[in-house]
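Student:
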Amino acid sequence: MLLLGAWGWAQPGEPGVLERCQGVFQALHLQFAYAERVAPQRFLLRVVLGTGEASLTRLTVNIDLRPVPLGLEDIAVVALERPVQDAVRLRNRLAQRLEGVPQSLSLGNWYVAAPTGYRCFLTYQGRVVGVLLLGQNLEPIPNPRWRAVYQRSAVRFPPELR
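Start counting at 1 in the sequence shown, then tack on 9, and there's your number in the numbering used here.
1. Please report how far the alpha carbon of ILE72 lies from the alpha carbon of LEU54, in whole angstroms.
2. Note down the Cα distance separating ASN118 from ILE84, rounded to an integer number of angstroms.
3. Keeping to the same chain, check which residues put their C-beta closer than 6 Å to that of GLY139; ignore five residues upstream and five downstream.
4. Give the DSSP-derived three-state secondary structure of SER64 in the structure shown.
5. Please name the residue, chosen from SER64, LEU142, ARG29, PHE52, that lies closest to ALA163 on a Cα-to-Cα basis.
6. Distance, Cα to Cα, SER115 vs LEU170?
7. Identify the residues that DSSP records as bridge partners of VAL137: which are they?
8. In the DSSP assignment, what residue or residues form a beta bridge with TYR43?
9. Measuring straight from C-alpha to C-alpha, what distance separates PHE41 and PRO76?
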């Protein structure tokens, strides 16, 4: 019964939501990436996509720069063990391969209504790897916290934002 309720809740129903998600999704570009400390000797590599200055979705990627499904970040291959020593090597790898991340993503053909608006899902090889939030007015909801974490990170790409 719960499964049927969740299935019905996630069905398209509001006119224009998926179209708006698609429009925002198509405009996404790589903004920045950074290593985030999640334990004393554990870092995850985060990639933030957005439009203009607005940071709209964050992905976790493995060391091979493939997106990790949401909820499975704990089993992601550790990107860094020694962030300061690995920083140059990682920045070089990011510069070469990170631009392809947005092109490897797809937009799910469903959304979920939430109290603050709508959640659209970014997928990679059929698995959900990111969420795009839209308000009730169908405008994207940015998350400025990601930019603050990027600015504090010892390992980040690009080294400085414009």
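All residues carry an ideal CB built from backbone N, CA and C; glycine is no exception.
Tutor: According to the structure shown:
1. As a working note, residue 72 is residue 63 in the sequence shown. As a working note, residue 54 is residue 45 in the sequence shown. ILE72 and LEU54 have their C-alpha atoms roughly 8 Å apart.
2. Your numbering for residue 118 matches position 109 in the sequence shown. Your numbering for residue 84 matches position 75 in the sequence shown. Near 27 Å, if we compare the C-alpha coordinates of ILE84 and ASN118.
3. Sequence index remark: in the sequence shown, residue 139 carries index 130 (1-based). Within the same chain, THR66, LEU68, LEU131 come within 6 Å of GLY139 by CB-CB distance, once the 5 residues on both sides are set aside.
4. To locate residue 64, count along the sequence shown from 1; it is residue 55. The three-state secondary structure of SER64, taken from DSSP, is strand.
5. Taking the first residue of the sequence shown as 1, we reach residue 163 at position 154. When only C-alpha atoms are compared, the closest one is PHE52.
6. If you number the sequence shown from 1, residue 115 lands on position 106. If you number the sequence shown from 1, residue 170 lands on position 161. Approximately 26 Å, taken between the alpha carbons.
7. Working through the sequence shown from its first residue, we reach residue 137 at position 128. In DSSP, VAL137 forms a bridge with THR132.
8. Residue numbering aside, residue 43 sits at position 34 when the sequence shown is read from its first letter. The beta-bridge partner set that DSSP reports for TYR43 consists of ARG55, ARG165.
9. Taking the first residue of the sequence shown as 1, we reach residue 41 at position 32. Taking the first residue of the sequence shown as 1, we reach residue 76 at position 67. Approximately 15 Å, taken between the alpha carbons.
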